[in-house]
Amino acid sequence: MKYLEGLNEPQQRAVLHTEGPLMVIAGAGSGKTRVLTNRIAHLIHHGVDAFNILALTFTNKAANEMRQRIEKMVGNEARNLWIGTFHSVFAKILRFEAEKVGYTSNFSIYDTDDSKNLLKTIIKEQNLDDKIYKPSIVLHRISNAKNNLVSWQEYISNPQYYEDDKAFKRPELGKLYQIYQERLLQANAMDFDDLLFNTNLLFKQHLDVLHKYQHKFKYILIDEFQDTNYAQYLIIRRLSAVHQNICVVGDDAQSIYAFRGADIGNILNFEKDYPDLTVIRLEQNYRSTNNIVQAANSVIAKNIAQIPKKVWTKNEAGNLIRLLKATSDNEEGRLVANAIYEDKVQYGYKNSDFAILYRTNAQSRAFEEALRKINIKYRIVGGLSFYQRKEIKDLIAYFRYAVNQKDEEAFKRIINLPKRGIGDTTVAKLVVAAYENKTTIWNILENPRQVFSGKTATALEDFRDLIKSFTILIKEQDAYTAAKEIAKQSGILKELYEDKTIEGLSRYENVQELLNAIKEFTDNPENTDKSLSAFLQQVSLLTLVDEPANDQDNDKVTLMTIHAAKGLEFKHVFVVGLEENLFPSPLMTETRADLEEERRLFYVAITRAQKKLTLSYALTRYFYGKLNTCEPSRFLDEIDKKYIEDANPYQRIENYTNTNLVNTLRGQTQNTTRIAKSNLQHVPQYTPSTDFRPSDTKNLRIGMQVEHMKFGYGKVTAIEMENNQPHKATIQFDTVGEKTLLLSFAKLRIV
DNA sequence: CTATCGCACTGTAGT
DNA sequence: AGTGCGATAG
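Under the numbering used here, the residue at position 254 of the first sequence is numbered 254, and the numbers go up by one with no gaps.
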């Protein structure tokens, strides 16, 4: 039995139990991935056709990793497996069957920004107050409905929803839901939730289609089952109804996505839906030291909603958990960076052995600065993801619109970008004309002279012809050739190239990076369809961990949110920002269930560590440029003290006033050179010395900020040198008048 | 129609 | 701190 080697008894049972429903409760670090991959390899080895296996994961990265591991074990056959995220697998199926749910196969996928923008437009049109009907709240409510498979028709006809919304002063929500869905359909677009909703619709209304896929997927595996929502659960229940060979793997203790509709009940109630279910528990942890395992257990011990189990390990006790106490976020950064440095020297750890985990993306700044200062390489996972950058979205909007001319959000993005003399007024007229003639904007563009005249009409015609040529380009050329041409001919590349500011430079590089990614896609022999629309189909579902890896140097410290860290492990993990109102998040302390989820998040963070764990907090922190005082997190009190190095770790500081802290902080941070967060990865170090010469001063306009104070824009009138280096600059600001500032303190932006 | 400026708002996680 | 929006001037 080749796929059982090195597995413990319950792991072996999980691999061998191939027929009938199976639930594996896999504690943190219990070798879950190994079980999953060995199981699939075992199936294939015993004659199951890879075409008949469906494996659903939560990130594309997890899917790729699984595919690679299986490929190593069983060879090329692994290529025929269906492995992917829920969204990507069912988007693929929906493209095949699009007509059956009222779409065409070139439908666009709206991301959250597109959805919010669309809702914003609708809310405005309906003359509703956008302070009460905030797009994010409306979208959240609609998303909840869809995840529970409530259509807009049901939503409107159910008085309960109306009463609920009325109680929250938002009686028009049902109407908004209806209009939103109608607009999406009109735009031939689906949002993320529609991918699951429409898959359910498809399977419910077209039994022949359901039967086809039921027959195809004889073996179904779900990873991270604790994070599935109702819509996802129903899909897999339908798909597995015939063969019943469904294997779900999860850990209720690591359920951290209830906020977006994941239902811990799925795992707790699975037995009811599958009476002859086999349950296997993997409780032995192979990853972490005993201290880490026990500390993690103590964190969630008080939670009520959980399956009773005991994660244990044979590993050594290991170090106690360290606690770092800082007075400011910057100091916290320095302490963590120093600890990393010491570990590297003392134990020979590599950069890639470390991870810094935080609750919110905005916390990364202080750690980036501290690491850069002592020349430790790092990478940030997530944050403003590559595909969310404006310049990337702009270019992709061109692709989208050339593929699907009904895509209104893409249209709005590109119609006047770069500037071509088609402003808001013209767009508004277009929308009205389309509405009055009961047709699409694209149809009006076909013959704009019926509505417009002169310059505007010519501009619209030019735009139309441009898009038409792009559509042909996409049909006839491979993705890379088409994308490169579109970037050039649209004028996006030129506009960015001419922008010589730091930001402009990095934007230009980003676009090049996107083109490189498309080239990789085109050159990859595994991709049979090399068209740009094929690339587009996968790009809209890419997750933060799938960004183009353009550098070979992988020895870097990893900075990311705890959510993004699920499934990963590192020798030394830093869980930072352990402050009340940050972690736990104030949005998750209202109900017991919320707080329990937040505790599980802490549990996930702790259990990423193999050898060492360090926790840290700061007593002051900047939010939106304002200094706030913080208290240590209640979570620090909840860990069993005997696993912490300093059992009486902190004193709550009460005598500090805000002013004192500001002054302390000023004293500590005055020498830092700050760089815009968004530029960090692309502009490693800004050096005034190379960019400034006294002779430049006459016409140099710069933006400037010192510490957290923004002085705005102004004209440089004099630069004072010291040791042949620019030292001080005198600037006539538009807003605050003339100031002389030390250049080493400042972040500068040339405009 | 576009560019610029000041103001208001933002406040979790990610497909 | 960063961004997006609306008002205003050009």
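Just so you know, even glycine gets a beta-carbon here, dropped at the ideal spot from N, CA and C.
Query, Result
"In this structure, does DSSP put residue 308 in helix, strand or coil?", "coil"
"Using 8 Å as the Cβ pair cut-off and three pairs as the minimum, do the segment 612-620 and the segment 569-580 touch?", "yes"
"Are the beta-carbon atoms of residue 439 and residue 478 separated by less than 8 Å?", "no"
"According to DSSP, which residues form a beta bridge with residue 623?", "626"
"Jot down the residue ranges of each uninterrupted alpha helix (DSSP H) in the segment 26-58, minimum 4 residues, whole runs only, in chain order.", "32-45"
"Based on the DSSP secondary-structure assignment, which residues constitute the bridge partners of residue 632?", "579"
"Could you spell out the range, first to last residue, of the alpha helix (DSSP H) harbouring residue 376?", "Run containing residue 376: none; DSSP gives neither H nor E here."
"Excluding the 5 residues flanking residue 28 on each side, which residues of the same chain have their C-beta closer than 6 Å to its C-beta?", "607"
"Among 207, 435, 596 and 39, which one has its Cα closest to the Cα of residue 186?", "435"
"According to the neighbour-count rule (16 or more other Cβ atoms, all chains shown, within 10 Å of its Cβ), is residue 43 buried or exposed?", "buried"
"Mind checking who residue 321 pairs with in its DSSP beta bridge?", "644"
"State the DSSP-derived secondary structure class of residue 157, mapped to helix, strand or coil.", "helix"
"Let me know if residue 354 comes out buried or exposed under the rule of 16 or more other beta-carbons within 10 Å of its beta-carbon.", "buried"
"If contacts are defined as beta-carbon pairs under 8 Å, then residue 266 and residue 20 qualify, I think. What distance do you get, rounded to the angstrom?", "Their Cβ separation, rounded to whole angstroms, is 19 Å, which puts residue 266 and residue 20 out of contact at 8 Å."
"Extract the residue ranges of the beta strand (DSSP E) inside the segment 220-252, only unbroken runs of 3 or more that lie entirely within it.", "246-250"
"Determine the DSSP secondary structure at residue 187, reduced to helix, strand or coil.", "coil"
"How far does the alpha helix (DSSP H) with residue 411 in it extend, from its first residue to its last?", "408-414"
"Would you mind reading off the limits of the beta strand (DSSP E) that contains residue 279?", "278-282"
"I believe residue 357 touches residue 574 by the beta-carbon criterion, under 8 Å. Please report the beta-carbon distance rounded to the nearest angstrom.", "7 Å"
"Helix, strand or coil: how does DSSP classify residue 143 here?", "helix"
"For residue 367 versus residue 336, is the C-beta distance shorter than 8 Å?", "yes"
"Going by beta-carbon coordinates alone, are residue 404 and residue 80 separated by less than 8 Å?", "no"
"Provide the residue span of the alpha helix (DSSP H) that contains residue 14, from first to last.", "9-16"
"Between the segment 317-325 and the segment 627-647, are three or more C-beta pairs nearer than 8 Å?", "yes"
"Looking at residue 67: is its Cβ nearer than 8 Å to the Cβ of residue 247?", "no"
"In whole angstroms, give me the CA-to-CA distance for residue 271 and residue 236.", "15 Å"
"Identify which residue in 141, 257 and 172 has its Cα closest to the Cα of residue 604.", "257"
"Which of helix, strand or coil does DSSP assign to residue 119?", "helix"
"If you draw a straight line from the C-alpha of residue 145 to the C-alpha of residue 351, how long is it?", "44 Å"
"Using three-state DSSP, classify residue 489 as helix, strand or coil.", "helix"
"Can you list, in chain order, the residues of its chain with a C-beta nearer than 8 Å to that of residue 657? Leave out the 5 residues immediately preceding and following it.", "Any reading at residue 657 must be qualified, since the residue scores a pLDDT of 37, below 50, and its modelled position is unreliable; no value is offered."
"The beta strand (DSSP E) that contains residue 84, what's its start and end?", "82-85"
"To the nearest angstrom, how far is the alpha carbon of residue 177 from that of residue 101?", "18 Å"
"Classify residue 623: buried if its beta carbon has 16 or more other beta carbons within 10 angstroms, exposed otherwise.", "exposed"
"In whole angstroms, give me the CA-to-CA distance for residue 513 and residue 555.", "21 Å"
"Just how far apart, CA to CA, sit residue 117 and residue 182?", "15 Å"
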